[in-house]
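K.L.:
As you go down the protein sequences, you meet chains A and B in turn.
Take 0 as the starting number for the first sequence in numbering that gives the first Met the number 0 and just add one per residue.
Take 0 as the starting number for the second sequence in numbering that gives the first Met the number 0 and just add one per residue.
Every residue, glycine too, gets a C-beta built ideally from N, C-alpha and C.
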Amino acid sequence: MDGVNLEVRGGEFFSLLGPSGCGKTTCLRMIAGFEEPTAGRIVLHGRNVAGLPAYERDVNTVFQDYALFPHMSVRENVEYGLLVKGIGGAERRRRVMDALRMMRLDRFDRRKPGELSGGQRQRVALARAIVNQPRVLLLDEPLGALDLKLRQTMQIELKSIQERLSMTFIYVTHDQEEALTMSDRLAVMNQGKVEQVGSPAEVYERPATGFVAGFVGASNVLSGEAALTITGQRHAITVRPEKIRLGRADERPEADEVSALGVVRDVVYVGAFTRYVVDLEAGGELVVLEQNLTMSSMDVLQARGRQVRLFWNRQHSRAIATAGDDQKKEEVG
Amino acid sequence: MAQRLMRPGERLTAPPPSAVRRLRHRIGVFLHQVPAARLALLLGPVLLWMIVIYLGSLALLFLTSFWRQDPVTGAIVQDWGLTNYQFLVGESVYRIIAIRTVGIAVAVTVTDIALAIPIAYYAARIASPRVRTLLLLSMVLPLWSSYLVRVYAWRTILSGDGVLNWSLHQLHLGSVNLGFSRWSLWIVFSYLWLPYVTLPVYAALERIPNSLIEASTDLGARWITTFRRVILPIALPGIIAGSIFAFSLTIGDYIAPDLVGDTEFIGNVIYQNVGIQNDIPFAAAYAIVPALVMAVYLLIARQLKAFEAL
Numbered sequence: 000m001d002g003v004n005l006e007v008r009g010g011e012f013f014s015l016l017g018p019s020g021c022g023k024t025t026c027l028r029m030i031a032g033f034e035e036p037t038a039g040r041i042v043l044h045g046r047n048v049a050g051l052p053a054y055e056r057d058v059n060t061v062f063q064d065y066a067l068f069p070h071m072s073v074r075e076n077v078e079y080g081l082l083v084k085g086i087g088g089a090e091r092r093r094r095v096m097d098a099l100r101m102m103r104l105d106r107f108d109r110r111k112p113g114e115l116s117g118g119q120r121q122r123v124a125l126a127r128a129i130v131n132q133p134r135v136l137l138l139d140e141p142l143g144a145l146d147l148k149l150r151q152t153m154q155i156e157l158k159s160i161q162e163r164l165s166m167t168f169i170y171v172t173h174d175q176e177e178a179l180t181m182s183d184r185l186a187v188m189n190q191g192k193v194e195q196v197g198s199p200a201e202v203y204e205r206p207a208t209g210f211v212a213g214f215v216g217a218s219n220v221l222s223g224e225a226a227l228t229i230t231g232q233r234h235a236i237t238v239r240p241e242k243i244r245l246g247r248a249d250e251r252p253e254a255d256e257v258s259a260l261g262v263v264r265d266v267v268y269v270g271a272f273t274r275y276v277v278d279l280e281a282g283g284e285l286v287v288l289e290q291n292l293t294m295s296s297m298d299v300l301q302a303r304g305r306q307v308r309l310f311w312n313r314q315h316s317r318a319i320a321t322a323g324d325d326q327k328k329e330e331v332g
Numbered sequence: 000m001a002q003r004l005m006r007p008g009e010r011l012t013a014p015p016p017s018a019v020r021r022l023r024h025r026i027g028v029f030l031h032q033v034p035a036a037r038l039a040l041l042l043g044p045v046l047l048w049m050i051v052i053y054l055g056s057l058a059l060l061f062l063t064s065f066w067r068q069d070p071v072t073g074a075i076v077q078d079w080g081l082t083n084y085q086f087l088v089g090e091s092v093y094r095i096i097a098i099r100t101v102g103i104a105v106a107v108t109v110t111d112i113a114l115a116i117p118i119a120y121y122a123a124r125i126a127s128p129r130v131r132t133l134l135l136l137s138m139v140l141p142l143w144s145s146y147l148v149r150v151y152a153w154r155t156i157l158s159g160d161g162v163l164n165w166s167l168h169q170l171h172l173g174s175v176n177l178g179f180s181r182w183s184l185w186i187v188f189s190y191l192w193l194p195y196v197t198l199p200v201y202a203a204l205e206r207i208p209n210s211l212i213e214a215s216t217d218l219g220a221r222w223i224t225t226f227r228r229v230i231l232p233i234a235l236p237g238i239i240a241g242s243i244f245a246f247s248l249t250i251g252d253y254i255a256p257d258l259v260g261d262t263e264f265i266g267n268v269i270y271q272n273v274g275i276q277n278d279i280p281f282a283a284a285y286a287i288v289p290a291l292v293m294a295v296y297l298l299i300a301r302q303l304k305a306f307e308a309l
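(1) For Asn189(A), count the other beta carbons within 10 Å of its own beta carbon; 16 or more makes it buried, fewer makes it exposed. Which is it?
(2) Give me the residue from Ala178(A), Val123(A), Arg103(A) and Glu140(A) with the minimum Cα distance to Lys111(A).
(3) Which residues of chain A have a Cβ atom closer than 8 Å to the Cβ of Gly237(B), listed in chain order?
(4) CB-CB under 7 Å to Arg149(B), same chain, minus the five flanking residues each way: which ones, in chain order?
(5) Taking C-beta pairs closer than 7 Å, name the residues in chain B that Lys84(A) reaches, listed in chain order.
(6) For the region 190 to 275 of chain A, which segments carrying the alpha helix (DSSP H) assignment without a break, of at least 4 residues, lie completely within its bounds, in sequence order?
(7) Name the two residues that bound the continuous alpha helix (DSSP H) containing Val109(B).
(8) Ordered along the chain, which non-local residues of its own chain (more than five positions away) have a Cβ less than 8 Å from that of Pro36(A)?
(9) For Ala225(A), I'd like the list of residues in its chain whose CB is within less than 7 Å of its CB, leaving aside the five on either flank, ordered along the chain.
(10) Which residue spans inside the region 99 to 146 of chain A form an unbroken beta strand (DSSP E) run of at least 3?
(11) For Lys158(A), collect the residues of the same chain with a Cβ closer than 7 Å to its Cβ; drop the 5 residues on either side in sequence, then sort them by chain order.
(12) Tell me the rounded alpha-carbon separation between Gly43(B) and Arg106(A).
(13) Could you tell me which uninterrupted alpha helix (DSSP H) segments, each at least 4 residues in length, are contained entirely in the region 23 to 108 of chain A, listed from first to last along the chain?
(14) Using a cut-off of 7 Å between C-beta atoms, extract the partners of Leu211(B) located in chain A.
(15) Using only the alpha-carbon positions, how far apart do Tyr79(A) and Ala98(A) sit?
(16) For the beta strand (DSSP E) containing Cys312(A), list its first residue and its last residue.
(17) Should Ile254(B) and Val196(B) be called a contact, given that it needs their Cβ atoms to be closer than 8 Å?
(18) Note down the Cα distance separating Pro141(A) from Ile160(A), rounded to an integer number of angstroms.
(19) Would you mind working out which of Arg305(A), Leu185(A), Val277(A) and Leu292(A) sits nearest Gly17(A), comparing C-alpha positions?
(20) Alpha carbon to alpha carbon, what distance is there between Arg206(B) and His173(A)?
(21) If you check the beta carbons only, do Asp257(B) and Asn272(B) fall under 8 Å apart?
(22) Check whether the Cβ atoms of Arg100(A) and His44(A) sit closer than 8 Å, and answer yes or no.
(23) With burial defined as no fewer than 16 other Cβ atoms inside 10 Å of the residue's Cβ, what is the status of His70(A): buried or exposed?
(24) Are the beta-carbon atoms belonging to Val211(A) and Leu285(A) less than 8 Å from one another?
(25) Give a yes or no on whether 8 Å exceeds the smallest Cβ distance from Thr25(A) to chain B.
(26) Using a Cβ cut-off of 8 Å (strictly closer), state whether Ile125(B) contacts chain A.
(27) What residues match up with Gln68(B) in a beta bridge as DSSP calls it?
(28) Please report the straight-line C-alpha distance between Arg93(A) and Leu82(A), rounded to a whole angstrom.
(29) When you compare the CB of Val229(B) with every CB in chain A, is at least one pair closer than 8 Å?
(30) Touch check for the region 312 to 320 of chain A and the region 288 to 302 of chain A: three-plus C-beta pairs under 8 Å?
(31) Can you list, in chain order, the residues of its chain with a C-beta nearer than 6 Å to that of Val196(A)? Leave out the 5 residues immediately preceding and following it.
(32) Checking the sheet assignment: what are the DSSP bridge partners for Ile212(B)?
(33) Provide the residue(s) that pair with Val171(A) in DSSP beta bridges, ordered along the chain.
(34) For a test of the three-state rule: what should DSSP assign to Glu289(A), helix, strand or coil?
(35) Val200(B) and Gly237(B): beta carbons closer than 8 Å?
(36) Within a Cβ cutoff of 6 Å, which residues of the same chain sit near Leu149(A), ignoring the five residues on either side of it in sequence?
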């Protein structure tokens, strides 16, 4: 972790997005109090909590492996936090009941974690954390162990719970789709550093660095000679694959369009859309996504080897910092 | 390596199978099709051992306990009766010996659990891998020496002019008279069975995922609460398993009481009746007592749900 400076607003769904080993989980564990930073502060509602033990911090964690107590029933698991904090009978029962109902667990309250499905366990872990009404809820890849369908359902459910409770969520994930769907804002991290902080649209549409452009969405980076030939500028640029239109080689670009000649090298038919990989005449390659509005898979596959011209609106090519510029960017930010 | 390629049109034909291969093939098919045969092959020898040799001799022991010895000739008379049991209940000395045996066994078990938990916790959750290996090795190392050697070693430590008193004398601290008492028995047994308690407790503690402890802390529990409400209950099966070792090994022992104690255990009485008086029916009847105590102990352990998490 190196010079990470993040500010999360109250009631915000904030994600830390990055590849494994980028420091996002370490960051979360420092906020929770399982690890201590060598330097710096962790301020929670105006109070520096760095150096405080985890049990004195007003945050709760949903663990990646859920970390449910195997010897306790669902109810006892959810009750645990209130019990050890000495919250008494009637209030404790009421809050546990509320949390169980909210997570639709009231029918399972006597079961042991071992008797639950993955999705149910996930909901117990969530109920056990939110029942304490923490200032900040930390979630460490909580959907990682679920299958795709369930993960998508839980994404929506998580977001709606967060809005209903207006609780601050800090969510760690390596799944860009998850981060883009749920977050109010997100930080993209790489090698212990924050590459960019912003709303999902900002990060997706205006990636600040080559890393962000590549990690969030598909990578389409033009640099050096290719960039110079196509855009007339030496600066590296990135274009989202779905912003590029595939046209005939003899078509002329509009005034506000950039174009580039190339040959289709690869065609991948993905049902709703097709992914084309185009080798550019100017060097380098671009990936193009086109919806299959009228084309059938047969038509699409015949595109291989064909000469084409790619078009995109000038405003969709974004100048990005390449590896050499990174240092300067860091100091300014 | 030279490898000959096949010529065009040549076909690969297997050599005709030998008789042994055919037999192996048939056995394989048979075992594949009859799961019960596989199971019988797997468990047969063990079950034979358990049922015939172990349970069988226990049953014989039980039957023998209803016979009696002719007081005049010393011969064993095979008529059924409760004479031995009446004698056991009637003579207070046997009751006292049984209570003493169980009492010391309980004390040893409690002591070993109290010693094993911190050692095992340190080895399993705090120590570096190197220190852990050293600790475990030093725990197991005494088991490589003979039981008798270890008991005799304690004899030289605890006896009136032994190492302990010599050291105390050198330090001008007077002397203690532990040698050959119930105290020395307690110390020696606790030492002897400590590895048998520590190892299962270690295994149980080591298995607890770190995230459970973090979750407990995260939910607001201090270390001591985490230990009492999370670590201890999850490790309970391991602790009970260890306690069964310490308890049963103490209850069945008759050598240490002879060498470092001044009293008799159930085992000593049985030994005398088998070896000296040849009153095997009475020995059998008395042997039922520790068996019953162990049965009760295991029932309590089950009641505590110690086996559920296994």
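P.N.:
Judging by the given coordinates:
(1) The count along the first sequence starts at 1 and reaches residue 189(A) at position 190. Per the 10 Å Cβ criterion, buried.
(2) Residue mapping note: residue 111(A) aligns to position 112 of the first sequence, counting from 1. When each option's Cα is compared against that of Lys111(A), the closest is Val123(A).
(3) Within the second sequence, the letter at position 238 stands for residue 237(B). Residues of chain A passing the Cβ test: none, with the nearest at roughly 13 Å.
(4) By one-based count along the second sequence, residue 149(B) stands at place 150. If we look at Arg149(B) and ignore the five residues flanking it on each side, its Cβ neighbours are Pro141 and Leu191.
(5) Residue mapping note: residue 84(A) aligns to position 85 of the first sequence, counting from 1. Close to Lys84(A), with beta-carbon spacing below 7 Å, are these residues of chain B in chain order: Gly219.
(6) Runs found: 199 to 204, 209 to 214 and 223 to 230.
(7) To locate residue 109(B), count along the second sequence from 1; it is residue 110. It spans Ser91 to Tyr120 - the alpha helix (DSSP H) in which Val109(B) sits, taken as one unbroken run.
(8) Within the first sequence, the letter at position 37 stands for residue 36(A). Excluding residues within five positions, the ones whose Cβ falls inside 8 Å are Met0, Met29 and Ala49.
(9) Taking the first residue of the first sequence as position 1, residue 225(A) is located at position 226. The beta carbon of Ala225(A) sits closer than 7 Å to the beta carbons of Leu279, Ala281, Gly282 and Gly283 from its chain, once the five residues preceding and following it are set aside; these are given in chain order.
(10) 135 to 139
(11) Taking the first residue of the first sequence as 1, we reach residue 158(A) at position 159. So the qualifying residues of the chain are Phe12 and Met181.
(12) Mapped onto the second sequence, residue 43(B) falls at position 44. Mapped onto the first sequence, residue 106(A) falls at position 107. So the two alpha carbons sit approximately 45 Å from each other.
(13) 23 to 31, 73 to 83 and 88 to 101
(14) For the purposes of this step, residue 211(B) is taken as the residue at position 212 of the second sequence. Result: Ala66 and Phe68.
(15) As a first step, residue 79(A) is located in the first sequence; it is residue number 80 there, counting from the start. As a first step, residue 98(A) is located in the first sequence; it is residue number 99 there, counting from the start. Rounded to the nearest angstrom, the two C-alpha atoms are 13 Å apart.
(16) By 1-based counting over the first sequence, the position of residue 312(A) is 313. Per the sequence presented here, residue 312(A) reads as Asn, with Cys not at that position. That run of the beta strand (DSSP E) goes Gln306 to Asn312.
(17) Within the second sequence, the letter at position 255 stands for residue 254(B). Within the second sequence, the letter at position 197 stands for residue 196(B). No. Outside cutoff.
(18) Residue 141(A) sits at position 142 when you count from the first residue of the first sequence. Residue 160(A) sits at position 161 when you count from the first residue of the first sequence. One C-alpha to the other measures close to 14 Å.
(19) One-based indexing of the first sequence puts residue 17(A) at position 18. Closest by alpha carbon: Leu185(A).
(20) What you label residue 173(A) is simply residue 174 of the first sequence in a count that begins at 1. What you label residue 206(B) is simply residue 207 of the second sequence in a count that begins at 1. Answer to the nearest angstrom: the Cα atoms are 28 Å apart.
(21) Start at 1 with the first residue of the second sequence, and residue 257(B) comes out as number 258. Start at 1 with the first residue of the second sequence, and residue 272(B) comes out as number 273. No, the Cβ-Cβ distance between Asp257(B) and Asn272(B) is not below 8 Å.
(22) The sequence position of residue 100(A) within the first sequence is 101, counting from 1. The sequence position of residue 44(A) within the first sequence is 45, counting from 1. No, the pair does not count as a contact, with Cβ atoms beyond the cut-off.
(23) Numbered from 1 along the first sequence, position 71 holds the residue referred to as residue 70(A). The residue in question, His70(A), is buried, as its Cβ has 16 or more Cβ neighbours within 10 Å.
(24) Taking the first residue of the first sequence as position 1, residue 211(A) is located at position 212. Taking the first residue of the first sequence as position 1, residue 285(A) is located at position 286. Cβ atoms of Val211(A) and Leu285(A): not closer than 8 Å.
(25) Here residue 25(A) corresponds to residue number 26 of the first sequence, with the count starting at 1. Chain B contact via Cβ: absent.
(26) On the second sequence, position 126 is the one that residue 125(B) refers to. Not one chain A Cβ lies under 8 Å of Ile125(B).
(27) The count along the second sequence starts at 1 and reaches residue 68(B) at position 69. In the DSSP output, where bridge partners are listed per residue, Gln68(B) has Ile75(B).
(28) Within the first sequence, residue 93(A) is the residue found at index 94, counting from 1. Within the first sequence, residue 82(A) is the residue found at index 83, counting from 1. Cα to Cα, the separation comes out at about 13 Å.
(29) For the purposes of this step, residue 229(B) is taken as the residue at position 230 of the second sequence. Yes, because at least one Cβ of chain A sits closer than 8 Å to the Cβ of Val229(B).
(30) Not touching, per the Cβ criterion.
(31) Against the first sequence, residue 196(A) aligns to sequence position 197. So the qualifying residues of the chain are Ala186.
(32) As a first step, residue 212(B) is located in the second sequence; it is residue number 213 there, counting from the start. In the DSSP output, where bridge partners are listed per residue, Ile212(B) has none listed.
(33) In the first sequence, the residue the question calls residue 171(A) occupies position 172. Per DSSP, Leu15(A) and Asp139(A).
(34) Numbered from its first residue, the first sequence carries residue 289(A) at position 290. Strand.
(35) Within the second sequence, numbered from 1, the residue matching residue 200(B) stands at position 201. Within the second sequence, numbered from 1, the residue matching residue 237(B) stands at position 238. Taking a C-beta distance under 8 Å as the contact criterion, Val200(B) and Gly237(B) qualify as a contact pair.
(36) Looking up residue 149(A) in the first sequence gives position 150. Leaving aside the five residues that flank Leu149(A) on each side, the residues in its chain whose CB is nearer than 6 Å to its CB run, in chain order, Gly118.
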